[in-house]
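Only one structure is covered here, and it is reproduced in the block below.
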Amino acid sequence: MTDRWYQKAVIYCLDIDTFADSDGDGCGDIRGLIGRLDYLARLGVTCLWLNPIHPSPDQDDGYDVSDFYNVDPRFGNLGDFAELLHQAGNLGIKVIIDLVVNHTSDKHPWFQSARKSPDSPYRNWYVWSETEPADRKQGMVFPGEQDETWTYDRTAKAWYYHRFYKFQPDLNINNPEVREEIKKICAFWLQLGVAGFRMDAVPFIIEETQAGNPNSPKDMDFITELRQFVQWRKGDAVLLAEANVEPDQLKEYFGDSGGSANRIHMLFDFMLNTKLMLALARQNPEPIVEALREAPKLPVGGQWATFLRNHDEVDLSRLTAEQRQQVFAEFGPDENMQLYGRGIRRRLAPMLGNDRRRVELAYALQFSLRGTPVVRYGEEIGMGEDLSLPGRNSIRTPMQWSSLPNGGFTTSDEPVRPVIDDGEFGYPTVNVSRQRHDPASLLAWFERMIRTLREAPEVGSGTCKHVDLPDAGSILVHRADDVTGTMVFVHNLGPSDGVLDLSSLYAEAEFPTDVLADQEYPDLGKFDAVPVAGHGYRWIRLRRYA
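Residue numbers (this note's numbering): 569 to 1114.
Next up, the structure:
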């Protein structure tokens, strides 16, 4: 069994400003997060992923950074952050932070200097064109909110490039000084004690932008360079990348053509996420089988990060138009639920009609598939969304801790964002305190499920294979094998009960038993008639070697 910690981790993603407010100013802070570390440890979290923590004008929820070497004063200071790392470490929780170096805020001192003079030492830290680029209206990441990727700056008397919003000018990866600065940023936070970085928008970081060329080349060598640097600074540091690219390009992000795992340690599995959503919408496992079959073989040490919901919209852009409409119809039928023509801006519980059986099924399925599971804050209690908020903010509402005003998130009358306060997802109904006192709650189930996963290291570090059975219908069967043993997973995506003939696995069984299931099932016998309820699941320990 591998000792790479990230292959056996459970990652929990949160925004500091919406998690817990310790001083009553309405904004979540580091001290508030420290006070909730025990909750995360009990849940079973082993790695905390923090969305942007740096000073920012906050025009894009912190992704417009104005100082890479500090903490946003709304959250606290570097001393508070160092204490967070210490206290998290005491509980066995590693911390990774967002590395947002594709661009800066236009308020960053680097850009302010760059635009004032062609002779500025920072002029070439950004991407400029003296003439209007022919591809000015191409490549927008946020269609409907952006209308260009090149903007004319009157002070600079030149056009600057911004893959994202115009207040986020792109850094120039071709400049050796920029590359060294990115390494310096990594070194600073590694020295402070973070366990690694979730790299934002990696395909755009390595884009060698050429004015007029919408398909500019990418410098994959910079990822190799950065990985080597990070690894020498901290041997077990991890790079977790956001790279929603074509399937045939994925292997390049893990390693070079020689087969070495010398680039990114982990990639978010966007292809699997898309197919999971399609499978849940159709209540048919075939899209998942297809995703498992088509996934590239990873180099040793390479790892997928699986997720159902993250901090952005559900991105369906890689589905066909017909498939996308199927998912929209099932999970986001109203135009207000959709975003950028490609995604759904909702949390999972409301997408699944707040059907507890389907929510359990979805997360049991995600956590049993190969890779490292990532869960978004609030999903463990079944939080909803606020569609009255703009864009992605609908799923970035404050954590609901109790039935106290504002869900116990803050004592202020003006929280950083409105807390969901009414309906079936309002904080009086959905909160941690209420579920803590209910042994049958979704939170209690999540804790039990994660504990079970921790006893099944085959999922994170072993192989994952679909078990092909005739007449399986809506039921997915897959297995995970490693030197520790074998697990078999049965998930019924449909509403009707089913019975499977798994007798082909019986010869491998040694004291087989259900370790997690939606209900009590009869003994497995000779595996020739294995029942599973509609929207039910069974995690079966087939054998154990160690």
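C-beta atoms are modelled at their ideal positions from N, C-alpha and C, and glycine is treated no differently.
Predicted model, so just to flag it, every value in this text is computed and none were measured.
Within the segment 870 to 915, the complete beta strand (DSSP E) segments at least 3 residues long are 871 to 874, listed from N- to C-terminus. Straight through space, the alpha carbons of Ala917 and Arg1111 are spaced by roughly 34 Å.
In this model, Ser685 and Trp693 are separated by some 13 Å (Cα to Cα).
In the structure shown, the three-state DSSP call for Lys786 is strand. Note: Pro711 is bridge-paired with Gln714 in the DSSP secondary-structure output. Straight across, the Cα-Cα distance linking Ala779 with Gln906 is about 32 Å. Of the candidates Trp573, Tyr574, Phe765 and Tyr690, the residue whose Cα lies closest to the Cα of Ile741 is Tyr690.
By the neighbour-count criterion, in which a residue is buried when 16 or more other Cβ atoms sit within 10 angstroms of its Cβ, Lys705 is exposed.
Excluding five sequence positions before and after Ser590, the CB atoms of its chain that fall closer than 7 Å to its own CB belong to Asp597, Arg599, Gly600 and Gly603, given in chain order. In this structure, the straight-line span from the alpha carbon of Gln894 to that of Arg877 is close to 18 Å. In this structure, Asp674 and Pro737 form a Cβ contact; the two beta carbons are roughly 6 Å apart against a cut-off of 8 Å. At a Cβ-Cβ threshold of 8 Å, Ile750 and Leu794 count as neighbours.
In the DSSP assignment, Trp1013 forms no beta bridge with any residue.
Sequence-distant Cβ neighbours of Leu611 in its own chain, meaning closer than 7 Å and more than five residues away, are Glu948, Phe1014, Glu1015 and Ile1018.
Exclusion of the five residues before and after Trp1107 leaves Phe1057, Val1083 and Leu1084 as the residues of its chain whose Cβ lies within less than 6 Å of its Cβ.
For Phe772, there is no enclosing beta strand (DSSP E); the residue is part of the alpha helix (DSSP H) that begins and ends at Val770 to Ile773. Ala809 sits buried, since 16 or more C-beta atoms from the chains shown fall within 10 Å of its C-beta.
The beta-carbon distance between Glu1076 and Thr1054, rounded to whole angstroms, is 7 Å. This is short enough to meet the 8 Å contact definition. If you draw a 10 Å sphere on the C-beta of Asn670, you find 16 or more other C-beta atoms in it, and that means buried.
Rounded to whole angstroms, the separation of the alpha carbons of Asn645 and His1103 is 47 Å. Of the other Cβ atoms in all chains shown, 16 or more fall within 10 Å of the Cβ of Ser634; this residue is therefore buried. With a 10 Å radius around the Cβ and a threshold of 16 neighbouring Cβ atoms, Val1067 comes out exposed. Setting aside the 5 residues that flank it on each side, Lys1094 is surrounded in the same chain by Ser1071 and Tyr1074, each with a C-beta closer than 7 Å to its C-beta; the list follows chain order.
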